[in-house]
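Undergrad: These protein sequences, in sequence, are chains A, B, C and D.
So for the first sequence, my numbering puts the first residue at 25; every next one is plus one.
So for the second sequence, my numbering puts the first residue at 25; every next one is plus one.
So for the third sequence, my numbering puts the first residue at 25; every next one is plus one.
So for the fourth sequence, my numbering puts the first residue at 25; every next one is plus one.
There are 4 protein chains.
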Amino acid sequence: MIIYFRPMRVKDELKQEAVIEATVKLVNETGFVSSSVAKIAKEARVSPATIYIYYKNKEDLLVSTYIEIKHKLSKALLENFDETLPIRDILKNFWHNAFDFARKNPDFIKFTEQFSNSPFSDLVDKAEVEKYFLPMLSVLQRGIEQKIIKDVHYEMLGAFIFFPVMILSNPRLCTDIKLNEETIEQAFTLAWDAIKL
Amino acid sequence: MIIYFRPMRVKDELKQEAVIEATVKLVNETGFVSSSVAKIAKEARVSPATIYIYYKNKEDLLVSTYIEIKHKLSKALLENFDETLPIRDILKNFWHNAFDFARKNPDFIKFTEQFSNSPFSDLVDKAEVEKYFLPMLSVLQRGIEQKIIKDVHYEMLGAFIFFPVMILSNPRLCTDIKLNEETIEQAFTLAWDAIKL
Amino acid sequence: MIIYFRPMRVKDELKQEAVIEATVKLVNETGFVSSSVAKIAKEARVSPATIYIYYKNKEDLLVSTYIEIKHKLSKALLENFDETLPIRDILKNFWHNAFDFARKNPDFIKFTEQFSNSPFSDLVDKAEVEKYFLPMLSVLQRGIEQKIIKDVHYEMLGAFIFFPVMILSNPRLCTDIKLNEETIEQAFTLAWDAIKL
Amino acid sequence: MIIYFRPMRVKDELKQEAVIEATVKLVNETGFVSSSVAKIAKEARVSPATIYIYYKNKEDLLVSTYIEIKHKLSKALLENFDETLPIRDILKNFWHNAFDFARKNPDFIKFTEQFSNSPFSDLVDKAEVEKYFLPMLSVLQRGIEQKIIKDVHYEMLGAFIFFPVMILSNPRLCTDIKLNEETIEQAFTLAWDAIKL
DNA sequence: GATGAATGAGTGTTCATTCAT
DNA sequence: CATGAATGAACACTCATTCAT
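1. I need the straight-line Cα distance from C/P195 to D/K202, nearest angstrom please.
2. Name, in chain order, the residues that DSSP records as bridge partners for A/I173.
3. Count the other CB atoms, across all protein chains shown, that sit within 10 Å of the CB of C/K128; report buried if there are 16 or more and exposed otherwise.
4. Given B/K39, which residues of its chain have a CB within under 7 Å of its CB, disregarding the five upstream and five downstream residues?
5. What in chain D is Cβ-close to C/I191, meaning under 7 Å?
6. B/Y76 to B/L164, Cα distance in whole Å?
7. By the 8 Å beta-carbon criterion, what residues does the segment 127-157 of chain B contribute toward chain A?
8. For C/E37, which option in C/S162, C/V57, C/Y78 and C/I64 has the closest C-alpha, if you only look at C-alpha atoms?
9. Give a yes or no on whether the minimum CB-CB distance between A/R69 and chain B is below 8 Å.
10. When the distance is taken between beta carbons, is A/M180 closer than 8 Å to B/L214?
11. By alpha-carbon positions, which one of D/F139, D/N121 and D/A211 ends up nearest to D/E92?
12. Out of B/F186, B/V43, B/V148 and B/G182, which one is the CA nearest neighbour of B/N121?
13. Tell me which same chain residues have a C-beta within less than 6 Å of the C-beta of D/Y28, skipping the five on either side of it?
14. Drop a sphere of 10 angstroms on the beta-carbon of C/P31, count the other beta-carbons inside from all chains shown, and report buried for 16 or more, exposed for fewer.
15. How far does the alpha helix (DSSP H) with D/I185 in it extend, from its first residue to its last?
16. For B/P110, name the three-state secondary structure that DSSP assigns.
17. How far does the alpha helix (DSSP H) with A/I201 in it extend, from its first residue to its last?
18. Taking B/I173 and B/K220 to be in contact with their CB atoms under 8 Å, please state how far apart those CB atoms are, rounded to whole angstroms.
19. C/K94 to C/D124, Cα distance in whole Å?
20. Kindly say whether B/I208, judged by its beta-carbon, lies nearer than 8 Å to any beta-carbon of chain A.
21. Counting only beta-carbon atoms, is B/D84 nearer than 8 Å to chain A?
22. Taking a contact to mean a Cβ-Cβ separation below 8 Å, would you say A/F132 touches A/V48 in this structure?
23. What three-state label does DSSP hand C/K80 in the structure shown?
24. Given a limit of 8 Å on CB to CB distance, which residues of the segment 164-178 of chain A reach chain B?
25. Under 8 Å Cβ-Cβ, which residues of chain B neighbour A/F105?
26. I want to know whether the segment 47-67 of chain C touches the segment 79-86 of chain C - three or more CB-CB distances under 8 Å.
27. Looking only at its chain, what residues have a beta carbon closer than 7 Å to the beta carbon of D/F212, apart from the 5 residues adjacent to it on each side?
28. Using a Cβ-Cβ distance cut-off of 8 Å, determine whether C/M160 contacts chain D.
29. Considering B/V57, what are the terminal residues of the alpha helix (DSSP H) in which it resides?
30. In angstroms with no decimal places, state the Cα-to-Cα distance between A/L197 and B/Y90.
31. With a threshold of 8 Å between beta-carbons, can D/A215 be considered close to chain C, or not?
32. Would you kindly report the start and end of the unbroken alpha helix (DSSP H) that includes C/K134?
33. Between the alpha carbons of D/M25 and C/N141, how many angstroms are there, rounded?
34. Going by beta-carbon coordinates alone, are C/I191 and D/A183 separated by less than 8 Å?
35. Among the candidates B/R112, B/N52, B/K80 and B/P159, whose CA atom is the shortest distance from the CA of B/K171?
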């Protein structure tokens, strides 16, 4: 009997997932500055060289991780999306989805916030990320046409209905607010009052 | 009585200022990751060793720079602060001050945003920074008591009247909105609608 | 059953040996103060980073080098060790082994002397090094019991039969004595006269 | 009344002494490697620049400190030196002086041992140091002529009557021997037995 | 005589990445 | 596919020394 110690050439998705998890964890805990490839590899129980099989370089690893998270986020946000509901209800559903995601995946939120405020974010194809949110945009557009929502630039509307979620979920920014059904509902009232006509 | 004071070669304030400027510039352009002490020193036309005369270490340099900027910001925000005016006018004045500062010092805004979303921000004495904004807080408090402003946590109010400024001024987040008198006024309407009763 | 074992690129023992040699050489020639890791690496024709694969840090490199040498020394000293011989002959054999080693490996002697007089030596597990010399100790013990050797502390005996070798072999201390069969024999006479009853 | 903050040009011997003390202390505690001029200056409560008034450079500081200590040592050793006494008594007096000095100035001993085993010692004018010990040499010479002492090289005699003092006084080498009148007397017996005819 | 600011060159160490296996 | 060894370049930081005062 002969044993060849040559593993099958099976792309190991578990490994790739472990690398992403390790990246998020390390970046959140220690920041980009001290998140070296060697440390990420160690955390993921993988050789540094292995990372270079999946990603072109460190930059690619970080950007890919970001996009991956954004993708997960967008899927979460659009859950139960129903165009036929009243606009306020659509936004409210979206709003709750966002807080749900933030509560369940605080690491992802932390990572994206750190990432999107760094020059790394310039490397991301904005269009690709934005397209996930197109359905929301068309809802806002409809709201404006129906004179339900103020007729201002969609980025301004976003500043009052998308970003507050991020801010309120960010423990670095909001240290003593407690996120529960009541406060989330409260916050939505403010957001809706801001944009509604 | 006259005292002829013959000082030793004295700490050069111009140099220290150059170091801070270089820090902000480099961090904004290339991020924390690739803003090495050597590069900052070069940008400031100073020896790396000199930086260690003014700051204990790199961390100290970054944190001090952040606090310095926050201090400047707070002074700018409270300009023309007049407690006797109607609450809406006080907030509006504050709002315009904020956009003014952001327009004149985009580098400072960029830096603080990157900084406050990084683990470095954990090293800052929050209380010290917050105290600059106490006057604003007491205005909000009064508004609540007078049933002009919604009775919710001040952090939630902040998410709708302080952070929108940051978001709208951030070219990374708002790529095509044009900041002018009109849009700023517009934005304030949204903000006020959000928090007013 | 046959196992084809295909190893990764494997730690290069030649490289490690070269690092130790370079360390000894440089420390002897220029002292600890100016024996930087970079210089040692250059001397060993190796990257500075490579040294950190084999040793945790510079301290570890120096301490390991010292222990390695002590180990070699102890093996050399105990060559032809024969408990059945008269005590004087055992000591004499030991004595000649020591001078042989010192003559053949002057660098090792120089290094250990510099090392053991520096604060680095506090980092060495003394017990581990001492155990190599236990056989000699038991010989001395026997000599005392048989009333052949003076009944004094073993460290004192050591000061007269172990250290003189070091002193006489040290060109820094003994500049004009010539070490040959005659002088070594002479020195042993003095040592033996010192400790014998 | 005018006050000129221009101190008198008085060479401050206290300062110089403080520098030497600081040097010895730091080198003993942390070794040559981490005894920087800045640290020594701080320990001596003096500016780094001040040290360069008294010494050409760091090397000069270390070497001068060594010679200074050696000078003190030699003066201590030759106390009560009386040529007319029997040779054994002269040596014994010397022996006791040496242990006295070692007991009272362990820092000096530690420093000289570290120094003389480092390449720094090559920078010392050996002749200058040796001349302090010439009286001892002539005693040994006389002993040889009178057939009281073995007719061997003076360096070999030294290895048995000078160095044992160093070894026995060195806590790094002799960890559990207790130095008291009895053991010192004991050690002298061994030393004398070694060299006497 | 005495100083603290200033510095280029150097320190120990870690980096992102490649290579042979 | 996957690895740990290997590395030159870079890292944060300290060095011995000088300079203006």
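We put the CB at the ideal spot given by N, CA and C, even for glycine.
TA: The short version:
1. So the alpha carbons of these two residues sit roughly 30 Å apart.
2. DSSP output for A/I173 lists A/K220 as bridge partner(s).
3. Exposed is the call here.
4. Take B/K39, set aside five residues on each side of it, and the residues of its chain with a beta-carbon closer than 7 Å to its own are V70 and T74, in chain order.
5. Simply A183 and F187.
6. B/Y76 and B/L164: Cα-Cα distance of roughly 42 Å.
7. Answer in chain order: E137, Q138, S140, N141, S142, P143, F144, S145, D146 and K150.
8. By alpha-carbon distance to C/E37, the top candidate from C/S162, C/V57, C/Y78 and C/I64 is C/Y78.
9. No, its Cβ sits nowhere closer than 8 Å to a Cβ of chain B.
10. Yes, the Cβ-Cβ distance between B/L214 and A/M180 is below 8 Å.
11. Considering only alpha carbons, the answer is D/F139.
12. Nearest of B/F186, B/V43, B/V148 and B/G182 to B/N121, Cα basis: B/F186.
13. At D/Y28, the pLDDT of 44 sits below 50, so the modelled position is not reliable and the matter cannot be decided from this model.
14. For C/P31, the predicted structure reports a pLDDT of 42, less than 50, and the residue's modelled location is therefore unreliable. The matter cannot be settled from this model.
15. Where D/I185 is concerned, the enclosing alpha helix (DSSP H) stretches over Y178 to I185.
16. Of the three classes helix, strand and coil, the one that applies to B/P110 here is coil, per DSSP.
17. It is not in any alpha helix (DSSP H) - A/I201 carries neither H nor E in the DSSP assignment.
18. That pair is a contact at about 6 Å.
19. Computed Cα separation, rounded: 15 Å.
20. Output row for B/I208: interface = no.
21. Under the Cβ criterion of 8 Å, B/D84 is not counted among the residues facing chain A.
22. Cβ distance < 8 Å, so A/F132 and A/V48 count as in contact.
23. In this structure, DSSP gives C/K80 a state outside helix and strand, which the three-state scheme calls coil.
24. Listed in chain order, the positions of the segment 164-178 of chain A with a beta carbon within less than 8 Å of a beta carbon of chain B are K174, V176 and H177.
25. Residues of chain B passing the Cβ test: none, with the nearest at roughly 24 Å.
26. With a cut-off of 8 Å, the segment 79-86 of chain C and the segment 47-67 of chain C count as touching, because enough Cβ pairs lie within range.
27. Apart from the 5 residues on each side of it in sequence, D/F212 sits with its Cβ closer than 7 Å to the Cβ of K116 and W119 in its chain, given in chain order.
28. The C-beta of C/M160 comes no closer than 8 Å to any C-beta of chain D.
29. First-last for B/V57: undefined, no H or E at that position.
30. Here the alpha carbon of A/L197 sits roughly 15 Å from the alpha carbon of B/Y90.
31. Residue contact with chain C for D/A215: present (Cβ-Cβ distance below 8 Å to some residue of chain C).
32. Start and end: P130 to S140.
33. Because D/M25 sits at a pLDDT of 40, beneath the cut-off of 50, its placement in the model cannot be relied upon, and the point is left open.
34. Going by C-beta atoms, C/I191 is nearer than 8 Å to D/A183.
35. For the residues B/R112, B/N52, B/K80 and B/P159, the minimum Cα distance to B/K171 belongs to B/R112.
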